[in-house]
Amino acid sequence: MAYASGYFKTSYGAELALVETRLQWAALAALGLGLGLFPLLASPFALDLANQVLLAVIGAVALMLLTGYAGQISLGHAGLLAAGAFTTGILAEEAGAPFWLTVPASGAVGAVLGLVFGLPSLRLKGLYLAVSTLALHFIVAFLGSEYETRHGFSTGILLDSPRLGPVVLDDARLWYGLLLAVAAAVFLFSRNLLRTRTGRAWIALRDRDVVAAALGIPVAAAKLSAFVVSSVLTALAGCLFAYYRGFVSIEAFSLFTTIEYVAMLIIGGLGSLLGAVLGAVFVVTFPYLIDLAVDLLPVPARLSTYVFAVKYAAFGLIMLLFLLLEPEGLLGIWRRVRDYFVLWPFRYRPLAGRS
Amino acid sequence: MQHRTWHRLGLTLAAVAVLFAVAQAQEPYRVGLSAALTGRGAETYAPVSEAIRLYVARLNARGGIHGHPVELLVEDNVAEPSRAAAHAKKFVSQDGVLLMLNASLSSTYPPMIHEAKRAGVPLFFAGSVCPREVYPPADPLLFCSTAFAARYDSEFALDFIKETAAGPVKLALVSMSIPISRGEVDYAEQLAPSRGIEPVSNQSIPPPTPNYAPFAAKIKAAGATWVYAWAPWVTQVKTFEALRQLGWQGKFLAYAHINAEEELARLQDEHFYVFGANAFFSHNLPVHQEILQAAAQGTMHPPTQLAEGWVAGMVLEAVLAGVSWPPTPAKVLAAMNRVRVDTRGLRGGPLEWTPTNHFRTTHYYRVYRWDRRQQGAVLAKDWTAVAIK
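Quick mapping for you: the protein sequence lines, in order, are chains B and W.
Residue 1190 is where the first sequence starts when you use my numbering, and the numbers rise one by one after that.
Residue -4 is where the second sequence starts when you use my numbering, and the numbers rise one by one after that.
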């Protein structure tokens, strides 16, 4: 079956279609079937891992919009996740607020923070902007820590499982369904947003903001909108994290969390939503895959302590090798594999081939 | 012919019975330990995990519990809540553990507590800071054998400072800026005036601090004559060293984490005191010899850092000894509510849990400092019993 060339679009419908060919539909159906069957076949641990991946996908897509598409570097991602989680925790703890109230409240707090901490982007770029967003992390960390200390939650705020109508979300399979739906919705929303005037403005900003301004794009509004949209989605991810894990603690949102999310973008492939998804899958599952690989090796018990230390180092080493040897990220590998099959027996895509 | 058939059937049944009995005897008491073996806090928690592993290996070599081995599933949570959560879920949903153990930073507590409560499996803090939920009236599922004791530690520390100081005390307080450490030091700050001690500075130091000098400078500028620190070891000792580099001549009281014995020898400062609940190896008790022998089998950690985990191993053995076969989490919980462990000198007295007290009924403190003449750690204050009510 031919792969969509991208050259010949005979209708507006074809131009707007997200899925273009029967092969893509078949692949999508197979993916849907696989994702649908997964919770029925997976072990509880694998299911928990999948839920972690889905939570990470939401956060990674949100950061990809801001950094990968709008070109605005942010190191405040863990702060925004924490803001969403603490909004949920505080509302649930202090006011007994239900799920349907804490979710929009978390999004609203994310929007406000995105607007406030997006303001420096109007004057700052690059490393200077990164440092200004770092302030967001430290301010939220300070406020969260103060709340926990002053209110006696020294080991975090414990949350009850949320209730959606008659359903109590206390089962990993239910959470899988919810998180998969939210992750898919966020992905589709982002994919479509990037095809709108706003999304195209972000891409223009990323490529050259001076040219974007010359083309009549309202640079300030576009930058702020990128911060707001990304922050809302990130805060929602924080809210879902809090409910899924059943706790809120500022120690769960360290600067390392931000670094992990940045790593997801770079490893996955900057400037691609699929890259964000692949990066999230890789960064979340990789430490566990190393665990699994090491567990399969016959290591004497007395050497087990050394093995843990080696595993910790191996993660860093493999990340480094990955970045050195595959700068286009997992997306680059995906494209090469896909092209090998799609173009066979030829090796190269024709001129102006779509990616 | 019929006789032969019955004979064969009998032999088959006997063989099945023997196999079943062997299989039953090999069925383990399964417990899961999620520990910070690498990453932040590993210097404190990896030796604890190692000591528990050595203790369990020794226990199994002696025949296990009621003829059944103890299987210790160890996972490295890197002090990350998400990984601790994943481990807890795996332990209860997949591995079917009877009991979960935590030896990690407080950041890993909430997800494990959440999972323990959801599944009704007891959670034993073995080497990590005891959360206040284990104090009377205790949470039904949470237990702790660790030497640290928030609130009680600061009360004892302030009393010690007051009785050791010759005159009025100007006290500076040091914490790491994590809620559990800050909360304790803030409590000490509130408590100090009731002991006739004047708090003059309260420094909360972020975890990734490369330079402790600014915090030390504030303490010195405030005119502190004593400093009390209740934080991870790195924060305590780096602050002390920064103070000495600035020429500060006061006295410093820190919590005796597992590496305190070697650190006193490294610092060799007579005014650096450490207080805690574990006996130093310099006392050379028979139980210390046991630990040294076990460590000789192979460990990358100094044997002097294994006492905390050894106590946890003792408690684990005592708990499982009170659980009849087949074990269930409910039986383990019942055994934990009535356990009494002879710590054989590693602590000042026995460790006892009751249905309402999952910390211990009596807590014992000792204070050590370096002595230049003896070139070793000496007692600044011997065991002091504190009733936990």
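The beta carbon of each residue, even a glycine, is placed where N, CA and C say it ideally should be.
Note down the Cα distance separating residue i from residue j, rounded to an integer number of angstroms.
{"i": "W/Pro185", "j": "W/Leu301", "result": "Note that residue 185 of chain W is Gln in the sequence shown here, rather than Pro. Distance between the alpha carbons of W/Gln185 and W/Leu301 is about 34 Å."}
{"i": "W/Leu32", "j": "W/Gln89", "result": "22 Å"}
{"i": "B/Gly1260", "j": "B/Ala1267", "result": "18 Å"}
{"i": "B/Val1357", "j": "B/Ala1249", "result": "27 Å"}
{"i": "B/Tyr1529", "j": "B/Ile1507", "result": "25 Å"}
{"i": "B/Phe1376", "j": "B/Ile1247", "result": "8 Å"}
{"i": "W/Ala291", "j": "W/Arg190", "result": "46 Å"}
{"i": "B/Gly1518", "j": "W/Thr351", "result": "55 Å"}
{"i": "B/Gly1505", "j": "B/Val1451", "result": "14 Å"}
{"i": "W/Met(-4)", "j": "W/Gly115", "result": "Low per-residue confidence applies at W/Met(-4): pLDDT is 49, beneath 50, and the placement is therefore not dependable enough to give any value."}
{"i": "B/Phe1331", "j": "W/Phe138", "result": "30 Å"}
{"i": "W/Glu212", "j": "W/Ala152", "result": "The amino acid at residue 212 of chain W is misidentified as Glu; the sequence shows Ala. About 23 Å."}
{"i": "B/Leu1226", "j": "B/Val1418", "result": "32 Å"}
{"i": "B/Val1466", "j": "B/Leu1520", "result": "10 Å"}
{"i": "W/Val229", "j": "B/Trp1289", "result": "43 Å"}
{"i": "B/Ala1286", "j": "B/Thr1276", "result": "10 Å"}
{"i": "W/Ile286", "j": "B/Ser1438", "result": "36 Å"}
{"i": "W/Ala330", "j": "W/Ala219", "result": "48 Å"}
{"i": "W/Leu100", "j": "B/Ala1402", "result": "49 Å"}
{"i": "B/Leu1532", "j": "B/Leu1205", "result": "24 Å"}
{"i": "B/Leu1229", "j": "B/Gly1457", "result": "28 Å"}
Between the Cα of residue i and those of the options, spot the shortest distance and give me the residue it belongs to.
{"i": "B/Val1298", "options": "B/Val1371, B/Thr1474 and B/Cys1428", "result": "B/Cys1428"}
{"i": "W/Asn206", "options": "W/Ala237, W/Ala217 and W/Leu248", "result": "W/Ala237"}
{"i": "B/Leu1368", "options": "B/Gly1285, B/Leu1302, B/Leu1425 and B/Thr1446", "result": "B/Leu1425"}
{"i": "W/Asp154", "options": "W/Ala183, W/Gly317 and W/Glu285", "result": "W/Ala183"}
{"i": "W/Ala81", "options": "W/Tyr104, W/His63, W/Pro64 and W/Glu66", "result": "W/Tyr104"}
{"i": "B/Ala1324", "options": "B/Thr1338, B/Arg1339, B/Val1305 and B/Tyr1336", "result": "B/Val1305"}
{"i": "W/Ala216", "options": "W/Ala167, W/Pro281, W/Ile253 and W/Leu311", "result": "W/Ala167"}
{"i": "W/His283", "options": "W/Met295, W/Met331 and W/Val306", "result": "W/Val306"}
{"i": "B/Gly1296", "options": "B/Leu1313, B/Pro1287 and B/Leu1422", "result": "B/Leu1422"}
{"i": "W/Gly245", "options": "W/Ala160, W/Trp228 and W/Glu303", "result": "W/Ala160"}
{"i": "B/Leu1347", "options": "B/Leu1509, B/Pro1487 and B/Ala1281", "result": "B/Ala1281"}
{"i": "W/Val69", "options": "W/Gly91, W/Arg57 and W/Glu45", "result": "W/Glu45"}
{"i": "B/Leu1481", "options": "B/Ile1392, B/Ala1235 and B/Ala1411", "result": "B/Ala1235"}
{"i": "B/Arg1389", "options": "B/Ala1441, B/Ala1373 and B/Gly1257", "result": "B/Gly1257"}
{"i": "B/Tyr1172", "options": "B/Leu1510, B/Arg1395 and B/Ala1272", "result": "As displayed, chain B neither begins before 1190 nor continues past 1544, which places residue 1172 of chain B out of reach and without an answer."}
{"i": "B/Val1208", "options": "B/Arg1339, B/Asn1381 and B/Pro1476", "result": "B/Asn1381"}
What does a CB cutoff of less than 6 Å around residue i pick up in its chain, not counting 5 residues either side in sequence?
{"i": "W/Tyr130", "result": "Phe354"}
{"i": "W/Thr379", "result": "Tyr360"}
{"i": "W/Ala224", "result": "Val169, Gln231 and Ala249"}
{"i": "B/Ala1503", "result": "Ile1479"}
{"i": "W/Val334", "result": "Ala313, Val314 and Trp348"}
{"i": "B/Ile1279", "result": "none"}
Could you have a look at residue i and say whether DSSP puts it in helix, strand or coil?
{"i": "W/Gly27", "result": "strand"}
{"i": "W/Arg127", "result": "helix"}
{"i": "B/Val1329", "result": "helix"}
{"i": "B/Ser1544", "result": "Residue confidence is low: B/Ser1544 scores 45 on pLDDT, short of 50, so the model does not pin down where it sits. No coordinate-derived value is stated."}
{"i": "B/Phe1504", "result": "helix"}
{"i": "W/His61", "result": "coil"}
{"i": "W/Tyr66", "result": "In the sequence under discussion, the amino acid at residue 66 of chain W is Glu, which differs from the Tyr named in the question. In the structure shown, W/Glu66 sits in a strand (DSSP, three-state: E or B)."}
{"i": "W/Gln333", "result": "The identity of residue 333 of chain W in the sequence shown is Arg, whereas the question assumes Gln. In the structure shown, W/Arg333 sits in coil (DSSP, three-state: anything other than H, G, I, E or B)."}
{"i": "B/Val1305", "result": "helix"}
{"i": "B/Asp1528", "result": "helix"}
{"i": "W/Phe120", "result": "strand"}
{"i": "B/Glu1209", "result": "coil"}
{"i": "W/Thr323", "result": "coil"}
{"i": "B/Thr1387", "result": "helix"}
{"i": "W/Tyr104", "result": "helix"}
{"i": "B/Ile1247", "result": "helix"}
Between which residues of its own chain and residue i is the CB-CB distance below 7 Å, once the five residues before and five after are set aside?
{"i": "B/Ser1379", "result": "Val1250, Leu1254 and Leu1462"}
{"i": "W/Ser102", "result": "Ala74 and Pro76"}
{"i": "B/Pro1309", "result": "Leu1318 and Ser1321"}
Using a Cβ-Cβ cutoff of less than 8 Å, which residues in the same chain neighbour residue i once the five nearest sequence positions on both sides are dropped?
{"i": "B/Ala1191", "result": "Its pLDDT being 45, under 50, B/Ala1191 is placed unreliably in this model, and the coordinates cannot settle the point."}
{"i": "W/Tyr24", "result": "Gly59, Ile60, His63, Pro64, Val65, Glu66, Leu93, Leu315, Val318 and Pro322"}
{"i": "W/Arg127", "result": "Ala145 and Arg146"}
{"i": "W/Arg364", "result": "Leu259, Glu265, His266, Phe267, Tyr268, Val269, Ala372, Val373 and Ala375"}
{"i": "W/His278", "result": "Gly340"}
Where are the alpha helix (DSSP H) runs, 4 residues long or more, that stay fully inside the region 71 to 97 of chain W, in chain order?
76 to 85
List in chain order: all unbroken alpha helix (DSSP H) runs of 4+ residues lying wholly within the region 152 to 232 of chain W.
174 to 186 and 208 to 216
Output the residue ranges of the beta strand (DSSP E) runs that lie fully inside the region 237 to 282 of chain W and measure 3 residues or longer, sorted by chain position.
246 to 250 and 267 to 271
List, from N- to C-terminal side, the alpha helix (DSSP H) runs of 4 residues or more that fit wholly inside the region 1432 to 1476 of chain B.
1444 to 1457
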